[in-house]
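Participant: Residue numbers (the working numbering): 78 to 270.
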Ligand code: AP5
Ligand code: MG
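(1) Of the residues 78, 167, 100, 88, which one's Cα is nearest the Cα of residue 220?
(2) Suppose only complete runs of 4+ residues qualify. What are the alpha helix (DSSP H) ranges in the stretch 91-170, listed by chain order?
(3) Would you tell me roughly how many angstroms separate the C-alpha atoms of residue 156 and residue 246, rounded to the nearest one?
(4) Is residue 225 helix, strand or coil when you go by DSSP?
(5) Counting Cβ pairs, one atom from each stretch, are 3 or more of them under 8 angstroms apart for the stretch 86-102 and the stretch 199-206?
(6) Using 8 angstroms as the cut-off, classify the Cβ of residue 192 as near or not near the heavy atoms of ligand 1, replying yes or no.
(7) Am I right that residue 131 and residue 259 are in contact with their C-beta atoms under 8 angstroms? What's the rounded C-beta distance?
(8) Please go through the same chain and pick out, in chain order, the residues whose beta-carbon is closer than 7 angstroms to the beta-carbon of residue 183, but skip the five residues on each side of it.
(9) Measure the beta-carbon distance from residue 84 to residue 233 and round it to whole angstroms, keeping in mind my assumption that it falls under 8 angstroms.
(10) According to DSSP, is residue 262 part of a helix, a strand, or is it coil?
(11) In this structure, does DSSP put residue 189 in helix, strand or coil?
(12) In terms of residues, what are the limits of the alpha helix (DSSP H) holding residue 240?
(13) For residue 116, which residues from the same chain have a beta carbon less than 6 angstroms from its beta carbon, with the 5 sequence-adjacent residues on both sides left out?
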């Protein structure tokens, strides 16, 4: 199985690159942000609980996210592997993911860290905010998301570096150029898919 974590700040290109990875490698895409936005749209219990956190740029509590993810992994019939997009975002989530995969005799193959300057992240998110309906793509919430990323999510770089699973990818350039670098890393991994 090929299990990829795509990691990076808000706007670093996780969703965009995930689509290309899925197309090439046939993985099951799990974007916790997208799942939560669908839950909000459908006015489910989980969606109603998550809405305020997302609109304010805060993280949804670990327990809710970890339970949600566990259910999705358990139900998945995909045999090739997963791409985790926007998860894990805290050390507790990273530990839960390790445990979940271990219980399936599985593990993370690589953590792809998309690295981009803050000014570029803000520019991309504001641009999307003009075109889309994401409630969190406004300046105030973007600043909050970036601060939360630095405080709660960035420490994961060290966590995965120590485990030898982190691969840094330059997050600027064209979408295709970035994907080429990603595919090079994936193709060098010794995993069968
Ligand atoms: P989530 O949906 O994960 O959002 P995010 O991490 O803030 O990141 P984005 O989706 O905005 O950016 P991205 O890195 O996917 O970049 P994209 O490809 O879209 O989470 C949203 C919220 O949900 C969180 O704030 C939190 O509240 C909650 N949540 C989610 N997961 C959670 C978890 N695990 N725990 C707790 N809470 C959780 O690209 C951005 C833009 O740039 C796009 O417009 C794109 O077209 C453009 N772009 C992409 N690549 C390029 C390029 N190479 N050149 C130019 N433009 C580009
Ligand atoms: Mg995304």
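Glycine included, C-beta positions come from ideal geometry on N, C-alpha and C.
Facilitator: On the basis of the coordinates in this document:
(1) Here the question's residue 220 lines up with position 143 in the chain shown. Residue 88 holds the alpha-carbon nearest to the alpha-carbon of residue 220 among 78, 167, 100, 88.
(2) Segments of the alpha helix (DSSP H) lying fully in the stretch 91-170: 91-102, 109-118, 122-132, 139-152.
(3) In the chain shown, residue 156 corresponds to position 79, counting from 1. In the chain shown, residue 246 corresponds to position 169, counting from 1. Between the alpha carbons of residue 156 and residue 246 lies a gap of roughly 26 angstroms.
(4) Reading the chain shown from its first residue, position 148 is the one you call residue 225. Reduced to three states, the DSSP call for residue 225 is helix.
(5) A contact is defined here as three or more CB-CB pairs under 8 angstroms, and the stretch 86-102 meets this definition with respect to the stretch 199-206.
(6) Position 115 of the chain shown, counted from the first residue, corresponds to residue 192. No, since every heavy atom of ligand 1 falls outside the 8 angstroms radius drawn around the Cβ of residue 192.
(7) Locating residue 131 in the chain shown gives position 54, where the first residue counts as 1. Locating residue 259 in the chain shown gives position 182, where the first residue counts as 1. Contact flag wrong, Cβ pair sits at about 27 angstroms.
(8) By 1-based counting over the chain shown, the position of residue 183 is 106. Correct list, in chain order: 78, 80.
(9) Here the question's residue 84 lines up with position 7 in the chain shown. Here the question's residue 233 lines up with position 156 in the chain shown. That pair is a contact at about 7 angstroms.
(10) As a first step, residue 262 must be located in the chain shown, where it is residue number 185. Here residue 262 sits in helix by DSSP.
(11) In the chain shown, residue 189 corresponds to position 112, counting from 1. Collapsing the DSSP output to three states places residue 189 in a strand.
(12) The sequence position of residue 240 within the chain shown is 163, counting from 1. Segment: none, residue 240 is in no alpha helix (DSSP H) and carries neither H nor E.
(13) Sequence index remark: in the chain shown, residue 116 carries index 39 (1-based). Here the set comprises 123, 124.
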